[in-house]
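The opening position of the sequence shown corresponds to residue 1 in UniProt numbering, with each subsequent residue numbered one higher. Where is the CB? At the ideal position from N, CA and C, for every residue including glycine.
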Amino acid sequence: SSSDLEHGVIELAGLGRPFQLGMLYDCRRDTLIPGITLWDAKMLQENINKSPHSNTAFKIIASDSSEDKSEALNVNASLEASFLCGLVSVKGSAEFLSNKKKSKHQSRVTLQYKATTRFEQLTMEHLGTGNIKHCNVFQEGSATHVVTGLLYGAQAFFVFDKEVQSHENHQEIQGALHACIKKIPTISIEGEATLKMTEAEQQEINNFSCSFHGDFALENNPVSYLDAIKVYTELPKLLGKNGENAVPMTASLYPLTKLDSAAAKLVREISVSLVRRAHHIIDDLDHAVIQCQDFMNVDMAIKFPEIKTKLRKFKDLCSEYKMVFQKQLCKLLPMIRGGGKEEQELVTLLNSVERSPFQGGLISACLNDQENEMNVLRSYLDIMKEVPVFSSSNDMMKKMFNSANDYVVVFAFSSVAQENSYLANLEKYLKELSRNSDEEFIFEPSSTKKEQWFNGEGAVRTRQNVQLFKEFTKANKDRQTTAFCIASIPSKDIIGTSIHVYEKGILLSSKFELPSKPPVPVFLHAEHDCIHLEIKQPAHGSNSVDFYIISYQAQESSEWTSKNTESKSWFHQEEWPSVHFIYYSTSSQPAHFIIPEQLKRPVTFPHLLHQINLSSSFRCQSKRDSASDRSSNHHAEAERPGRPSPAHCSIDPQRR
């Protein structure tokens with residue numbers, strides 16, 4: 001901090017680094033300078049002042065934030081910046097800084113143990129005028145400070161994690177975890193006899209995992225709650241009877257310019273606010289990597305590998321940019337601290353990152369879009385849960401060329417695999433950075449705005465297709481020669497979804513229009529031997545309708561009679577495939593159906609008809625067997641009084 005600079009001495013966390021009294025240190029790069037000292041080894045060991053400094057404490061850390069970790073290890077903002085960009089390599093308990101949750105579905109609580117033993121420092125016998133032996137070191141300029149004091153001790157972090165299932169409450173799990181961890185220091189004092197837990201609590205702690213970061217030499221690291229209790233109780237002994245196993249926890253650094261004005265100096269520290277901004281940038285990138293990893297393991301990413309591919313690409317791009325940003329910081333920070341560059345250079349760098357496609361807002365928006373897409377897909381698959389999903393083209397090929405399947409009807413998601421324009425922008429930005437590393441690449445955020453297939457106008461059409469496909473498959477589930485499935489089939493021409501129909505593995509249509517449920521026929525008027533009905537055009541799929549069947553029943557009869565309308569004016573010969581469906585009409589002209597001779601009688605509508613068949617069932621069949629199929633259906637329905645005959649939806653293999 002600025003006050004430290006004014007008073008000269010800097011207190012710095014050891015972070016597992018091999019500090020020794022008299023060692024030189026470069027605060028510009030936060031590195032120790034080994035092998036170069038101001039005194040001979042013998043002189044260094046003499047006149048060292050030692051004093052006891054015994055203290056023990058524990059702390060429970062419920063947060064996984066970088067700020068809380070830095071605070072626990074007494075890391076100041078400047079050292080934190082050096083750690084962020086990779087200038088500082090940490091060991092022992094300081095490895096806790098790098099231990100981040102791998103999933104947002106993790107609940108985490110950390111127990112910190114901290115003990116200090118003694119403080120050692122140099123005296124005026126070392127630092128007094130005329131006592132420095134190797135004065136040429138000042139002119140070399142490799143160091144800015146000398147280690148004049150060390151606080152010895154040791155720390156340990158027990159990190160407890162539990163995987164939170166989708167049906168569990170995250171806060172409740174966190175609370176239970178916190179309560180269990182809080183007992184450990186008490187148990188270590190009062191003995192394991194105090195460890196009284198219910199069967200439910202015992203089951204709960206069995207689900208905790210434990211990772212250990214400490215300055216102690218353990219035979220085996222704890223991996224469970226009970227292991228952690230055992231290790232925690234042994235920590236004071238592991239320090240040694242006289243604290244001989246303690247390590248430097250805090251170093252006092254004295255500026256060389258106080259000893260010789262010719263020495264290199266630390267001109268300025270990095271502002272805390274700028275360090276926080278840099279930290280937030282890296283946290284956003286780390287969060288994106290974790291989110292991508294989580295999403296890659298969900299059911300939709302497994303069923304649609306294209307989603308996993310995009311997530312992996314996004315994850316890799318964020319990881320790559322994090323390294324680029326760290327490299328930029330690593331280059332810039334020492335120059336600012338040494339006075340070679342102004343702090344404004346860091347401000348410019350941070351501004352460019354926050355205006356780049358890697359800015360936190362755009363990263364979050366992309367992750368939200370990906371989550372929304374998977375949620376929408378999941379909702380569609382829940383509606384069509386009886387239909388299998390083929391994740392690979394090989395599986396679909398096997399289905400299409402199965403000898404038992406004359407036809408395969410596929411509900412195709414055509415946009416799941418489409419290129420993500422935002423990922424393309426990220427890739428382009430990284431290439432520009434590598435090509436012009438010293439120039440700022442201007443990015444226009446508006447270029448990423450694009451309507452997604454799952455939440456735009458196409459979403460309404462997709463929901464209609466899903467419902468129609470569900471009804472279509474349900475009505476045709478007994479057709480042994482027709483199979484149904486769901487798959488991702490990329491298409492630049494079709495946004496959202498479409499229906500593909502294959503015959504013996506050959507694509508017959510990629511835009512098959514499913515017919516919707518027919519409207520109720522409208523009664524116009526009746527004659528003594530004829531009833532006039534108007535069949536209205538269906539809401540969807542009229543182009544696929546080929547002919548219609550009307551089923552009727554006399555009031556006293558238990559049998560149904562069916563008449564098809566192939567000869568009527570609304571017989572269509574549009575693009576393949578043709579669909580035959582009951583009560584469908586592509587024209588609003590009245591349809592005339594003659595009552596068979598044996599049913600003629602002088603009655604008026606509605607007494608002539610017992611009911612009108614409003615069945616919405618479908619049948620997929622080829623023209624070559626449609627006649628026999630209709631005959632068998634009529635016979636079957638005649639054996640079940642009161643049941644209308646099914647409608648027919650026919651695929652014509654002769655019409656392409």
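From residue i to residue j, what distance separates their C-alpha atoms?
i: PHE160; j: SER415; result: 42 Å
i: ASP40; j: HIS134; result: 8 Å
i: ALA278; j: ALA417; result: 34 Å
i: ASN465; j: THR497; result: 8 Å
i: residue 698; j: THR117; result: Nothing about residue 698 can be reported from this structure: the residues present for the chain run from 1 to 656 only.
i: GLN165; j: CYS180; result: 19 Å
i: SER54; j: ALA115; result: 7 Å
i: TYR502; j: MET374; result: 27 Å
i: GLN139; j: THR257; result: 11 Å
i: PHE87; j: GLN326; result: Looking at the sequence provided, one finds Leu at residue 87 rather than Phe. Straight-line Cα distance between these residues: approximately 9 Å.
i: GLN370; j: PHE512; result: 28 Å
i: THR309; j: HIS170; result: 29 Å
i: PHE119; j: LYS50; result: 6 Å
i: ILE205; j: SER224; result: 8 Å
i: VAL146; j: LEU253; result: 5 Å
i: HIS167; j: SER209; result: 20 Å
i: PHE390; j: MET300; result: 12 Å
i: VAL75; j: MET396; result: 57 Å
i: LEU350; j: ILE336; result: 14 Å
i: ALA217; j: LEU238; result: 8 Å
i: PHE618; j: LYS470; result: Confidence is the limiting factor: at PHE618 the pLDDT is only 36, short of 50, which leaves the residue's position unreliable, though a coordinate-based value still follows. Rounded to the nearest angstrom, the two C-alpha atoms are 11 Å apart.
i: THR186; j: THR233; result: 10 Å
i: SER107; j: ILE61; result: 12 Å
i: LYS322; j: GLN328; result: 10 Å
i: ALA539; j: LYS104; result: 45 Å
i: LEU367; j: GLY361; result: 10 Å
i: TYR407; j: GLU354; result: 54 Å
i: VAL9; j: ASP227; result: 41 Å
Round the Cβ separation of residue i and residue j to the nearest angstrom and send it over; I've been treating them as touching at under 8 Å.
i: ILE48; j: VAL137; result: That pair is no contact at about 20 Å.
i: ILE173; j: LYS162; result: 6 Å
i: LEU430; j: GLU320; result: 6 Å
i: LEU150; j: PRO255; result: Not confirmed; about 17 Å, so no contact.
i: ASN405; j: ALA483; result: 4 Å
i: PHE295; j: LEU317; result: With a Cβ gap of about 15 Å, PHE295 and LEU317 do not count as contacting.
i: MET23; j: LEU32; result: 6 Å
i: HIS213; j: PHE96; result: 4 Å
i: SER70; j: GLU80; result: 5 Å
i: TRP453; j: ILE489; result: Going by Cβ atoms, the distance from TRP453 to ILE489 rounds to 14 Å, so no, they are not a contact pair.
Compute the distance between the beta-carbons of residue i and residue j, then report whether it is under 8 Å.
i: LEU177; j: VAL109; result: yes
i: GLY456; j: THR250; result: no
i: GLY338; j: VAL267; result: yes
i: PHE157; j: GLN112; result: yes
i: ASP283; j: SER66; result: yes
i: ILE486; j: PRO388; result: yes
i: CYS27; j: THR144; result: yes
i: PHE101; j: ASP68; result: Going by the sequence as given, residue 101 is Lys instead of Phe. Against a cut-off of 8 Å, the Cβ pair of ASP68 and LYS101 comes out as no contact.
i: CYS175; j: VAL90; result: It is worth fixing the name first, because residue 175 is Gly in this sequence and not Cys. Contact flag unset, no.
i: ALA72; j: LYS59; result: yes
i: THR473; j: GLU386; result: yes
i: LEU21; j: LEU38; result: no
i: PRO519; j: LYS536; result: yes
i: ALA412; j: HIS500; result: yes
i: ASN425; j: PRO357; result: yes
i: GLU343; j: SER271; result: yes
i: LEU259; j: ILE132; result: yes
i: GLN155; j: ASP215; result: yes
i: GLY141; j: ALA246; result: no
So what does residue i bridge to, in DSSP terms?
i: ASP26; result: THR31
i: GLN106; result: GLU163
i: GLU120; result: LYS50, LEU150
i: PRO248; result: TYR152
i: LEU253; result: ILE10, VAL147
i: ASN55; result: THR116
i: ALA487; result: PHE390, ALA412
i: THR482; result: TYR407
i: TYR502; result: VAL408, LEU507
i: PHE212; result: PHE158
i: LEU111; result: ILE60, PHE158
i: THR37; result: MET23
With respect to 7 Å, is the separation between the Cβ of residue i and the closest non-hydrogen atom of the ligand PLP below this value?
i: ASP68; result: This structure simply doesn't include the ligand PLP, nor any ligand for that matter.
Check your understanding: Pairing CB atoms from the segment 376-394 with CB atoms from the segment 283-296, are three or more of them under 8 Å?
Key -> no
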